[in-house]
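Everything on this sheet refers to the single structure shown next.
Protein chains in written order, with my numbering: chain A, 1 to 407; chain B, 1001 to 1407.
In structure tokens, the structure reads:
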């Protein structure tokens, strides 16, 4: 597979004033097209750094997607750096100049003289017309590498990439798109996953990777182009079986399932049921994860157990939250005339909840029809993590019910 | 000034699955400490790429902050790459091993065997203890460069940088720190801010920048080392005055204020008041933004206006949400025996709420003592943005009351 690098120019990126979202966006596009992306580099506005980097890349990559440094000001140095690095003098491009003039006249503004600089392109380059801003991009071959230079403004960059750069790639590279399958789990850590997969034979041509986020842990399989569909299905099924009920969805087989909340949203819409919720540790976050979900009738957060007890007119035995959860769920469901009721209670007061070194014990109770499902989890870490896990584990209990999975 | 580079390891970064926010955060820290940041590089999990890059950096930078690749799995290669690049064999670190064991035993989970790998550190390196996760970091000198290796999980990385790495820097480098002041606003866009600041004289030695996030818009001022304190205070005050009541906090003068929810949390604790909330468009997110805040007595989300009307036994005139908000706030406050009541209602049904090209009109009502404050905003964009803005604007109404600001 051809090797591709991403290169960003901008003092605001290297000093951390701006997060470089262009690099991630372009990488994702490139991987899907069938490139191997090996490196991202960002440098500031020092000409020497730029020249050095361009030369390095021209020797080790087949393609480089570059953003930034095409503006009119003195710290926009990309074209100059290209000229110096590859001995290609800048030439005045009549068409580019007219386009820049048109951009300003369309906005009824005079064209500042500094913008003339943007019409200077390295000798022998192809102009990438910019219908979305002032600076045209340009592309050229230097050494081993074909470079495409685009503006750093994300909206302009995306348009120029999709409309100008992408169509040029199939003629220049032999591209065989690879296939990414992602198994998404909740409630099991990266190292436990690794142990469950131990001994499973994974062909060396398949790349396996893990990503532990705050909302899910992903096991990723990258299959090379042309890998037989049935083997993709089989290997994925084998792995998913080993991870069992922790798997809430798989991306890259038939469709993209999204995150846990999207999975639950789709299941609830399909089931045609409604839900009422009482939140404690998650403090509104369970409801907040499902914006605009019509099946969510109501969600109530109460700060204290006595207040919750008063609201439902029911004593709560703090030493038996499992039983209290069941009773509350019945009251909640009746009061709200919902199909399902989900009640979240936890053991451990505010001190345990706030302290990152102490845990709380979370009880989720889901009442559906006449049966109750309950789950019990130890939650540790900073308060934000406990809150988020509480919200996710509540949604996951609902997901397991709707998918007929064990707790 | 010493030259610093940022290096990130992770296939999820080079393939664009994750945006590398660590690099921007670390750069900002480094610039403030007095380093010149020249380059960011991200590479995936190919050992050869890693080894080559580490060698390059060891020849051209004085300091390198590295993230990622310290996990327990087979694609976590940083320690191995360091060992190979600099000829420093990995050694088993007894203390690191005990810390990893403790991490698991605190969570009442058995330590998987794969995690043992995280206790292997390159010969001669300093261990950077990780009290926030499993993997310790490490630091070492190689060639011209002092390297600090930290985990890629942002919360762990930030803690390790602030608590372990930052204290080591003054002994190793001659640093002249610059000073960053950040004015934080809500409800005003970047171009409106620029217009309000138009004509204000900013000395050329002061760098100004803007960052528009989903939760706030930041105006950043970077003052060079030795810039007189009184001039910093004056210029900041001038700018804040021009931005008026939109400013909810300023970082970098006396203390760090945090985000809007932290500002409100501090103000509410100081005021010693309690709050009850009814959420609609924000759907639990307002409460969720204040985890563990003892002043938040309760928060209720109702899907439909009729359900809300039934719950409070009060008709709601959907053509006069301003009046309905006031009445509901009174009922809510009495019912909950809270000092303050905040009620959020909106005009525009589910269709407008879901459609990114249509807006809803948000009414926030805050009842304090006998007086009501109300705000009214047009919210557009995707549903998640509407939800988030609704939560923030509710909190901001509370902030303006507590700071005696106009609406």
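C-beta atoms are modelled at their ideal positions from N, C-alpha and C, and glycine is treated no differently.
Values in this document were obtained by computation on a predicted structure and should not be read as measured data.
Check, Outcome
"Using a Cβ-Cβ distance under 9 Å, would residue 21 of chain A count as near chain B?", "yes"
"Check each residue of the region 1105-1132 of chain B: if its Cβ is closer than 9 Å to any Cβ of chain A, include it; give the result in chain order.", "1106, 1107, 1108, 1109, 1111, 1112, 1113, 1114, 1115, 1131 and 1132"
"Among A:37, A:47, A:55 and A:45, which residue has its Cα nearest to the Cα of residue 1049 of chain B?", "A:37"
"Whole angstroms are fine: how far does the CA of residue 1366 of chain B sit from the CA of residue 1373 of chain B?", "5 Å"
"Counting only C-beta atoms, is residue 28 of chain A closer than 9 Å to chain B at any point?", "yes"
"Interface residues of chain A around residue 1357 of chain B at Cβ under 9 Å?", "Correct list: empty, because the minimum Cβ distance to chain A is about 15 Å."
"Give the interface partners of residue 1039 of chain B over in chain A, defined as CB-CB distance under 9 Å, in chain order.", "14, 41, 42, 43, 44, 49 and 53"
"Please state whether DSSP places residue 1157 of chain B in a helix, a strand or coil.", "helix"
"What residues from the region 296-315 of chain A come within 7 Å of chain B, judged by C-beta to C-beta, listed N to C?", "296, 297, 298, 299, 300, 301, 302, 303 and 307"
"Could you work out which residues of chain A lie near residue 1011 of chain B, taking near to mean beta carbons separated by less than 7 Å?", "209"
"What does residue 147 of chain A pair with, by DSSP beta-bridge criteria?", "A:64 and A:140"
"Are residue 362 of chain A and residue 406 of chain A closer than 9 Å when you measure CB to CB?", "no"
"List, in order along the chain, the chain A residues whose C-beta lies closer than 8 Å to that of residue 1072 of chain B?", "190, 191 and 194"
"What residues from the region 1215-1240 of chain B come within 9 Å of chain A, judged by C-beta to C-beta, listed N to C?", "1220 and 1222"
"Check the C-beta distance from residue 317 of chain A over to residue 326 of chain A and give it rounded, since I have them as a contact under 8 Å.", "Contact doesn't hold; Cβ gap of about 12 Å is too wide."
"Just list the beta strand (DSSP E) runs in the region 234-318 of chain A, keeping only unbroken ones of 3 residues or longer that don't cross its boundaries, in chain order.", "247-251, 275-279 and 296-302"
"State whether the region 20-29 of chain A contacts the region 50-63 of chain A, with contact taken as three or more CB pairs (one from each stretch) at a distance under 8 Å.", "no"
"Do the region 1256-1268 of chain B and the region 1229-1236 of chain B touch if we need at least three Cβ pairs shorter than 8 Å?", "no"
"Between A:89, A:133, A:308 and A:291, which has its C-alpha nearest residue 1382 of chain B's C-alpha?", "A:291"
"Can you list, in chain order, the residues of its chain with a C-beta nearer than 7 Å to that of residue 224 of chain A? Leave out the 5 residues immediately preceding and following it.", "178 and 205"
"With a cut-off of 9 Å, does the C-beta of residue 245 of chain A fall near any C-beta of chain B?", "no"
"Exposed or buried, which one is residue 1122 of chain B when buried takes at least 16 other CB atoms within 10 Å?", "buried"
"Find the nearest neighbour of residue 185 of chain A within the set A:161, A:354 and A:263, judged by alpha-carbon distance.", "A:263"
"Measuring straight from C-alpha to C-alpha, what distance separates residue 96 of chain A and residue 1007 of chain B?", "37 Å"
"Using the beta-carbon count (16 or more within 10 Å), is residue 1100 of chain B buried or exposed?", "buried"
"Examine chain B for any beta-carbon lying closer than 9 Å to the beta-carbon of residue 31 of chain A, and answer yes or no.", "yes"
"Quick check on this structure: which residue in A:153, A:379, A:27 and A:375 has the alpha carbon closest to the alpha carbon of residue 395 of chain A?", "A:375"
"What alpha helix (DSSP H) runs, 4 residues minimum, are completely inside the region 1347-1402 of chain B?", "1350-1354 and 1383-1402"
"Looking at residue 1221 of chain B and residue 1183 of chain B, is the spacing between their C-beta atoms short of 9 Å?", "yes"
"Please report whether the beta-carbon of residue 380 of chain A lies at a distance below 9 Å from any beta-carbon of chain B.", "yes"
"Got a sec, what are the start and stop residues for the alpha helix (DSSP H) residue 1327 of chain B sits in?", "1321-1336"
"What does residue 377 of chain A touch in chain B if you count any residue whose Cβ is under 9 Å from its own?", "Residues of chain B passing the Cβ test: none, with the nearest at roughly 11 Å."
"For a contact meaning CB atoms closer than 9 Å, what does residue 18 of chain A contact in chain B?", "1024, 1209 and 1211"
"So with CB distances below 7 Å, who are the chain D contacts of residue 1383 of chain B?", "Among the chains of the structure shown, chain D does not appear; the protein chains present are A and B."
"Going residue by residue through the region 1032-1098 of chain B, where are the continuous alpha helix (DSSP H) segments of at least 4 residues, counting only ones entirely within it?", "1047-1060 and 1078-1086"
"Rounded to whole angstroms, what's the CA-CA distance from residue 345 of chain A to residue 280 of chain A? Just pull it up for me.", "6 Å"
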